[in-house]
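Under the working numbering, think of the first position of the sequence shown as 1424, with each following residue one higher. Please read the structure below before turning to the comments.
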Amino acid sequence: MFGPFTDADQVKFEDSIKEFEEKTGIDIQYEGSKEFEATISIRVEGGNPPDIADFPQPGLLSTFAKQGNVIDVSTFMDQEKLKENYNQSWLDMATMEGPEGDVMAGIWNRSNVKSLVWYPKAEFEAAGYEVPETWDEMIALSEQIVKDGDNPWAIGIESGAATGWVATDWMEDIMLRTTSPENYDKWVNGELPFSSPEVKNAAEKMSEIWLNEDFVYGGRKSIVTTNFGDAPKPMFDEPPKTWLHRQGSFITSFFPEGTVAGEDYDWFYLPPIDEQYGKPVLVAGDIYAMFNDRDEVRAVMEFFTTGESIKSWIQSGGVVAPMNDADPEWYTTDVERRMAELIQEADTLRFDGSDLMPGAVGAGSFWKGMTDYISGTVELDQALKEIDAGWPK
């Protein structure tokens, strides 16, 4: 088995499969690489793929599925069992175009949740603020915080060569709240251009927060120079200098040492905008794909569809199970337990869009275009045009 887990993550992964190996006698030899994307491509193209590979970016897997390189797991997995154990959206996102029609290219084993707004819980409650249920309530809360003398939003998109990715996550979350999941998929596939009214509307909605000098701690100009990991830190000043930070579940590892989940900080779900699109959730995660069809490889893949397969990882913190049969008691904090519930109950789940787009856009013109727009060097229409120009012809 080959994947991107190295160092501490590799240890956590190996711990999570120990019991299965002892029970079945199957020895899973895991090899982790920091150069996973490049190496897996070389191995598959060279006819030497691993039995199973772990893809943190399903876009790359879809390329292999299209070429007919992966085993269609629906040929041996019980579909009813999968439907019982996963939100339908996970199964939809595992279904990819094969050489002769759709195939189920893999199964989801780990997830992280993106549609979260973090806040300094104790101070938030002491100030008399309430968690908003709708977008309008969130804007009203932001205005109240301004009245009380603070800038509500902590936003920073600096990330070295990857500067701008934070803005793409916001865009994706807003797209899911303002247009249909079908349009989101078309956008990700390049069929709905960035210059379309739907995408421009999402950017304008985002700008209502980002370009409001009163709303953003440090103002618009600080967004592109503030590192994404440093952005939430002023929330933990005493008293807080800023109050709201929209970011994925991983961000807690950047919070100051000694801060306690559920006491010093908590999250609320980024609220819906247009009611007709319900409660969508933006996610990322790991999809495991199978390249060689043998009985023991099938058995391992079946195991990876169970919550049991990441039980010890859940217990050590930092991961959310996409499966429904993971016991809520395994989570060490209520903060993570609620994330698992959010995924299970979501009306729609969609994967991080920029990760699905071709690299030239998703890790290129999309990052750059948003950064240029937010920094004020280009107008929105121009930025959207520039992003569209990044699509491979």
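The beta-carbon is built from N, C-alpha and C at its ideal position, and this holds for glycine as well. Given the structure is predicted, the values throughout are model-derived calculations rather than measurements.
* **Run of the alpha helix (DSSP H) containing Glu1768, from where it starts to where it stops** => Asp1757 to Glu1768
* Could you tell me whether the Cβ atoms of Ile1580 and Gly1587 are closer together than 7 Å? => yes
* To do: Return helix, strand or coil for Pro1481, following the three-state DSSP convention.
  => helix
* To do: Give the range of the beta strand (DSSP E) segment to which Gly1708 is assigned.
  => Pro1703 to Met1713
* Check whether the Cβ atoms of Gly1455 and Gly1491 sit closer than 7 Å, and answer yes or no. => no
* Three-state secondary structure (DSSP) at Trp1576? -> strand
* Go through its chain and collect everything with a Cβ distance to Trp1558's Cβ below 6 Å, but skip five positions before and after it. => Pro1694 and Ile1696
* Asked: Can you list, in chain order, the residues of its chain whose CB lies under 8 Å from that of Glu1636, leaving out five sequence neighbours each side?
  -> Gly1642 and Arg1643
* Asked: With distances taken between CB atoms, is the gap from Ile1646 to Ile1578 smaller than 7 Å?
  -> For Ile1646 and Ile1578, yes; Cβs fall inside 7 Å.
* To do: Indicate whether Val1706 and Leu1599 have their beta-carbon atoms separated by less than 7 Å.
  => no
* Hey, would you say Phe1789 sits closer than 7 Å to Ser1777, going by beta carbons? -> Yes, they are a contact pair.
* Check whether the segment 1564-1571 touches the segment 1711-1727, counting contact only when three or more Cβ pairs, one atom from each stretch, lie closer than 8 Å. => no
* **Span of the alpha helix (DSSP H) around Val1723** => Per DSSP, Val1723 is one residue of the alpha helix (DSSP H) stretching across Asp1718 to Phe1727.
* Span of the beta strand (DSSP E) holding Tyr1542? -> Counting along the chain, the beta strand (DSSP E) containing Tyr1542 begins and ends at Leu1539 to Tyr1542.
* Grouping DSSP H, G and I as helix and E and B as strand, with all else coil, what is Asp1525? -> Here Asp1525 sits in strand by DSSP.
* To do: Identify whether Val1743 lies in helix, strand or coil by the three-state DSSP scheme.
  => strand
* **Proximity below 7 Å, CB of Lys1526 to CB of Ala1584** => The sequence shown places Val at residue 1526, rather than the Lys named in the question. Not closer than 7 Å, so no.
* Asked: Can you give, in chain order, each stretch of the alpha helix (DSSP H) that sits fully within the segment 1604-1677 and has at least 4 residues?
  -> 1604-1612, 1620-1633 and 1643-1646
* To do: Identify every residue that forms a DSSP beta bridge with Phe1774.
  => Val1706
* Asked: Between which two residues does the beta strand (DSSP E) harbouring Asn1532 extend?
  -> Ile1530 to Val1536
* If you run the structure through DSSP and keep just helix, strand and coil, what is Ile1475? -> Looking at Ile1475 - three-state DSSP - the assignment turns out to be strand.
* Validate contact between the segment 1498-1505 and the segment 1549-1565 using beta carbons, cut 8 Å, 3 pairs -> no
* Quick one: grab the DSSP three-state call for Asp1748. => coil
* Give the DSSP bridge partners of Glu1520, in chain order. => Asp1525
* Asked: How would you label Asp1775, buried or exposed, when you count the other beta carbons within 10 angstroms and need 16 or more for buried?
  -> buried
* Asked: What does Trp1410 pair with, by DSSP beta-bridge criteria?
  -> In the structure displayed, the chain extends from 1424 to 1816; residue 1410 sits before or after that span and is not available.
* Determine the direct distance from the alpha carbon of Glu1686 to that of Pro1751, and round the result to whole angstroms. => 20 Å
* To do: Apply the 10 Å Cβ neighbour rule to Ile1463 and answer buried if 16 or more other Cβ atoms are within range, or exposed otherwise.
  => Under this definition Ile1463 is a buried residue.
* Three-state secondary structure (DSSP) of Gly1813 -> Correct three-state label for Gly1813: coil.
* Asked: Three or more beta-carbon pairs under 8 Å between the segment 1432-1449 and the segment 1716-1735, yes or no?
  -> yes
* Residue range of the alpha helix (DSSP H) that Gly1792 falls in? -> Phe1789 to Ser1798
* To do: Give a yes or no on contact between the segment 1518-1534 and the segment 1740-1749, applying the rule of three or more CB pairs nearer than 8 Å.
  => yes
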